[in-house]
Structures are given as C-alpha cells and as structure tokens.
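Peer 1: Protein chains in written order, with my numbering: chain A, 87 to 318; chain B, 25 to 246. We treat Cβ as the ideally placed atom computed from N, Cα and C, and that holds for glycine. Remember, it's a predicted structure, so these values are computed and weren't measured experimentally. Have a look at this one.
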C-alpha cells in the first residue's frame, strides 16, 4: 500500500523533451591508496534503469570507487561522465542528481529521524509535496519519528539513512552495503525499493556481499579483483 | 541557497542545544581563567587594569581552542560531512553557515560575559566598551580562521596540538591590535586605526576563509 503511494508521487515519466535518459560512464579509472594500486583501467557504463553491483574482497577498493563516483575522492586517473558531461565540470549540477548512503550513515544521533530528514531536504534541491512522515512510515519507522536516533537500533538507524533516498529523489543512488544491519524483511524491502527506482528510470551503483534479488532489472556485476583491473 | 544556509545554522544550534553541558565548557574556562588573575597577581587596581585587555583576550583565544575542533569533528565522524560536501550548494556557503553557528554558540557568550570580567579586572567603563567592540570584531575572525585549521586536521585522530600550532600564529595580529586598542583608549588616544585594522582582518577572513576551509575539507575527505 505504501509502495503504491510513493510510486504515485515519484517525479519520473513524462520527461521534458531534449532531456536524455541519464547515464553514468566511467573511463579508465585508477585509484591508488598508500602507494598501492587498488584498480586501474576500470571502465563501465551504467544506463538508465540499470544496477551496477561492485564485488571484490575486503580492501579491493569498492568503497573508494563509490566515493570517486560521488566526487568525494578524486580518481588518480580517468574520468566520470554523467549524461555525457565530465563530472568535474558539472560539480554542483551533478550532486543535485545523486544520493549517497555510505558506510557512515550521515545521520545525527542527537536528532530525531524527522529532524534528520528535514536537514536532507534543506540541503537538497527544493521540492514540493515530500511527505517526511510517510517516508519514515515506509521504511518501517512508524512511531519512531520523534525518538532521537541515539536511542534506535543499528538497523533502524540504517532505515533512517535509507529514508533519505526516498525524500532526496535523486536519479543516481550510490549505496555502500545498503543491506548491513537490516533484518530479513528490511532486506526484502530494500530490494523492492531498488526495483522501483530502476523501473522509474533511476540508476544504482552499490556494493554488497549479498545476492541482490531484483526482478525485471539486469544487475551488472563488476568484480574489482579481476586481473584486468590490476597493473601489469 | 539561503534555505540550505538557514537549515545548517538551525541544525547546528539545535545540536548545541541538545549538548548543553559541552556548550558550557569553553565559556566556563574563559571565566575561570580571567577570574583567577586578580587572586594570583593581587588586587592592585592599576596593575590589573594594565593587564586586563591582554588577559581577557588571551583567555578568549585559549577557550576557543576547546570548541574549535567541534566545528567539523562530529560531522566528520558520523558521515554528515560527506553529505554536506555532496550538497548541490556552494560548499563555502555551507562552511560559512557552520562557522556562523559556531560563533553564535561560542563567540557571542564571550562578548556577553566580557563586561563582567572587565569590571573584575578594574577596567573603566570606556575601556569595557572598547573591549567589547574588539571582541565583536575579533571573535568571528577566530571562528573563521580556526575553521581552516579544523578543516585541515579533521582527518587526524589527535588534532588538538597540531590545530593550535596551525592557527595560533594567525591570531597574533588580532591579539596585538585588540589588546592595543583597549590600552590606547584608556590613555586617551584615538583608536580608529586599531579598529580599522581589526575590521580589515575580519573582512579578509570573511571573504577568504570559507573558500580555504571548503578546499581543506575536500582534501581531508579525499
């Protein structure tokens, strides 16, 4: 029920003419950390409605790659194109279209879930008709709107961070281990959320060690430990 | 854009309000340091009067060290800083919002308490007036310039010492002109020059420090 509500509110379909479907292209990315090459010559293309799943053992550079996609870290070589334009030229324009849920939740523990979401809205682009209470209801935090996040469990804190995706309404979601700390129902819910976002033409880049069960969407898997991403 | 600015200022004030006990630390330190001086050096009015401006300013600078690190530390640790840097708005503007909140929380109380401490240090009324003007011009400078240092050191585990070595040299001109202004006023000379220099420092910091802080935060998170 809640799902259909949110779908109705979504800003997707009729796109203005001349607005190409969003795409994310990485060209020959390289990341060096502490004099160690994590990956090199890494290229991929993510189209509207696609999911990119990064795989690889711990320390293979999954989080670093996600941070590079977000513009939080500069690649040591290569470039990222968003809708055909280099993200270093787009800067703020690009950040308007992207939502990041990182390893650190970015949630203030002293504030309530509602206050946290208000900050997200305030820092994002102005939007009408975003119902914060409904977003919290949808992620399963009904009744916890006014409880400081400090008093919530790890899984519930994660859900607050995921609620940010619902209110930010970005085209590109960058998720670092979104299933961490969630119970089975939570995992299933996040999978439905991913399905819905791609069905609306959104893009998702995520890391997880879990098999993502989404229907009607092709999950493109990129394993960072493959030899082709290693230096010669 | 202004909405993002207001959101961030409000958020930081709310956070400070939820942490009231931490909020009191720097201002208590400031009051304690200054109020120990009359006990330590003895109650001669002339001696205290000549020390007053210097002591109050040094105590204000030292107490700022207790709070400076907090501008970005907790946001860095819980990932909020990443979200702030990924905002679609200019980062220097958001930095300015955080600095403004910091000044309202730490700088403003110092200015409000200063007249009482001035009386304690036997400062005459006109001296207290000038002291308050120098604090009004100087404490925002402390927050603005301190933010650059905090931005550079936020990635370090124990940043306290490095931070003070980094920013204290930049506070020296401020200290000299601020304490000088109060002394000059009490000897009856015009203080326009001193105050103009303090105002120039403030305007310079107001325009350049947010840009430098935004750049230093990007480096720290990279």
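On the three-state DSSP scale, how would you describe residue 319 of chain A?
Peer 2: What the structure shows of chain A is the stretch from 87 to 318, and residue 319 of chain A is not part of that stretch, so it cannot be assessed.
Peer 1: From the DSSP output, in three-state form, read off residue 73 of chain B for me.
Peer 2: Note: residue 73 of chain B maps to helix in three-state DSSP.
Peer 1: What's the call for residue 307 of chain A, buried or exposed, on a 16-neighbour Cβ count within 10 Å?
Peer 2: The residue in question, residue 307 of chain A, is exposed, as its Cβ has fewer than 16 Cβ neighbours within 10 Å.
Peer 1: Buried or exposed: residue 244 of chain A, going by 16 or more other Cβ atoms within 10 Å of its Cβ?
Peer 2: That one is buried.
Peer 1: Out of A:141, A:163, A:121, which has the shortest C-alpha to C-alpha gap to residue 312 of chain A?
Peer 2: The residue with the shortest Cα to Cα distance from residue 312 of chain A is A:141.
Peer 1: Buried or exposed for residue 104 of chain B, please, with buried defined as at least 16 other CB atoms from any protein chain shown within 10 angstroms of its CB.
Peer 2: Residue 104 of chain B should be labelled buried.
Peer 1: For residue 102 of chain A, count the other beta carbons within 10 Å of its own beta carbon; 16 or more makes it buried, fewer makes it exposed. Which is it?
Peer 2: At residue 102 of chain A, the pLDDT of 43 sits below 50, so the modelled position is not reliable; the number obtained from the coordinates is stated separately. When all chains shown are included, residue 102 of chain A counts as exposed.
Peer 1: Alpha carbon to alpha carbon, how far is residue 298 of chain A from residue 281 of chain A? Give it in angstroms, no decimals.
Peer 2: Cα to Cα, the separation comes out at about 10 Å.
Peer 1: Could you tell me the distance, in whole angstroms, from the CA atom of residue 294 of chain A to the CA atom of residue 159 of chain A?
Peer 2: Spanning the two alpha carbons is a distance of roughly 20 Å.
Peer 1: Kindly list, in the order they appear in chain A, the residues whose Cβ is closer than 8 Å to that of residue 110 of chain B.
Peer 2: In chain order: 156, 157, 158, 181, 184, 186.
Peer 1: Counting Cβ pairs closer than 8 Å, one from the segment 222-232 of chain A and one from the segment 50-59 of chain B, do we hit at least three?
Peer 2: Output reads no: the segment 50-59 of chain B does not touch the segment 222-232 of chain A.
Peer 1: The alpha helix (DSSP H) with residue 299 of chain A in it runs from where to where?
Peer 2: Premise fails: residue 299 of chain A is in no alpha helix (DSSP H) and is neither H nor E.
Peer 1: Just curious, the beta strand (DSSP E) that residue 111 of chain A is in, first and last residue?
Peer 2: 109-119 is the span of the beta strand (DSSP E), which, as asked, contains residue 111 of chain A.
Peer 1: Just the chain B side, please: which residues come within less than 9 Å of residue 205 of chain A by C-beta, in chain order?
Peer 2: Ordered by position in chain B, the residues that pass the 9 Å Cβ test against residue 205 of chain A are 31, 32, 34, 35, 104, 107.
Peer 1: Chain A partners of residue 245 of chain B, CB-CB under 7 Å?
Peer 2: Going along chain A in sequence order, the residues near residue 245 of chain B (Cβ under 7 Å) are 158.
Peer 1: Between the alpha carbons of residue 85 of chain B and residue 166 of chain B, how many angstroms are there, rounded?
Peer 2: Cα to Cα, residue 85 of chain B sits roughly 8 Å from residue 166 of chain B.
Peer 1: Between the segment 168-181 of chain A and the segment 60-78 of chain B, do at least 3 Cβ pairs fall closer than 8 Å?
Peer 2: The segment 168-181 of chain A, when compared against the segment 60-78 of chain B, does not touch it at the 8 Å Cβ threshold.
Peer 1: May I ask you to list the residues that DSSP assigns as paired with residue 131 of chain A?
Peer 2: Answer is A:111.
Peer 1: Just the Cα atoms here: how many angstroms apart are residue 93 of chain A and residue 250 of chain A?
Peer 2: Any reading at residue 93 of chain A must be qualified, since the residue scores a pLDDT of 41, below 50, and its modelled position is unreliable; the value itself is stated next. Their backbone Cα atoms lie some 16 Å apart in a straight line.
Peer 1: Report, in whole angstroms, the separation of the C-beta atoms of residue 254 of chain A and residue 185 of chain A, which I expect to be a contact under 8 Å.
Peer 2: So it is a contact: roughly 4 Å between Cβ atoms.
Peer 1: Is the Cβ of residue 166 of chain A closer than 8 Å to any Cβ of chain B?
Peer 2: It does not: the Cβ of residue 166 of chain A has no partner Cβ on chain B nearer than 8 Å.
Peer 1: Please classify residue 317 of chain A: is it buried, with 16 or more other beta-carbons within 10 angstroms of its beta-carbon, or exposed?
Peer 2: The residue is exposed, with fewer than 16 neighbouring Cβ atoms inside 10 Å.
Peer 1: If you run the structure through DSSP and keep just helix, strand and coil, what is residue 122 of chain A?
Peer 2: Reduced to three states, the DSSP call for residue 122 of chain A is strand.
Peer 1: Under 9 Å Cβ-Cβ, which residues of chain A neighbour residue 43 of chain B?
Peer 2: 196, listed in chain order.
Peer 1: Is residue 163 of chain A helix, strand or coil when you go by DSSP?
Peer 2: Three-state DSSP puts residue 163 of chain A in a strand.
Peer 1: I need the straight-line Cα distance from residue 223 of chain A to residue 155 of chain B, nearest angstrom please.
Peer 2: Those two C-alpha atoms are separated by around 54 Å.
Peer 1: Counting only beta-carbon separations shorter than 8 Å, does residue 233 of chain B have a partner in chain A?
Peer 2: It does not; no Cβ of chain A falls within 8 Å.
Peer 1: Is it buried or exposed, residue 304 of chain A, if we count other Cβ atoms within 10 angstroms and call 16 or more buried?
Peer 2: Residue 304 of chain A is exposed by the Cβ-count criterion.
Peer 1: Is residue 135 of chain A close to chain B, meaning its C-beta is less than 8 Å from at least one C-beta of that chain?
Peer 2: No, residue 135 of chain A does not count as interfacial toward chain B.
Peer 1: So, helix, strand or coil for residue 246 of chain B, using DSSP?
Peer 2: Residue 246 of chain B: coil per DSSP, three-state reduction.
Peer 1: Could you list the residues in the segment 66-97 of chain B with a C-beta less than 9 Å from some C-beta on chain A, going in chain order?
Peer 2: Listed by position along the chain: nothing, the set is empty.
Peer 1: My understanding is that residue 188 of chain A touches residue 262 of chain A, with C-beta atoms under 8 Å, so please give their C-beta distance in whole angstroms.
Peer 2: With 8 Å as the limit, residue 188 of chain A and residue 262 of chain A qualify as a contact, their Cβ atoms being about 5 Å apart.
Peer 1: Between which two residues does the beta strand (DSSP E) carrying residue 290 of chain A extend?
Peer 2: Note, residue 290 of chain A: beta strand (DSSP E), 289-293.
Peer 1: Residue 28 of chain B versus chain A: which residues are under 9 Å apart at the beta carbon?
Peer 2: Correct list: 208, 209, 210.
Peer 1: Going by beta-carbon coordinates alone, are residue 234 of chain B and residue 132 of chain B separated by less than 8 Å?
Peer 2: Not a contact, by the Cβ cut-off of 8 Å.
Peer 1: If you follow the alpha helix (DSSP H) that residue 202 of chain A is part of, which residue opens it and which one closes it?
Peer 2: Residues 199-209.
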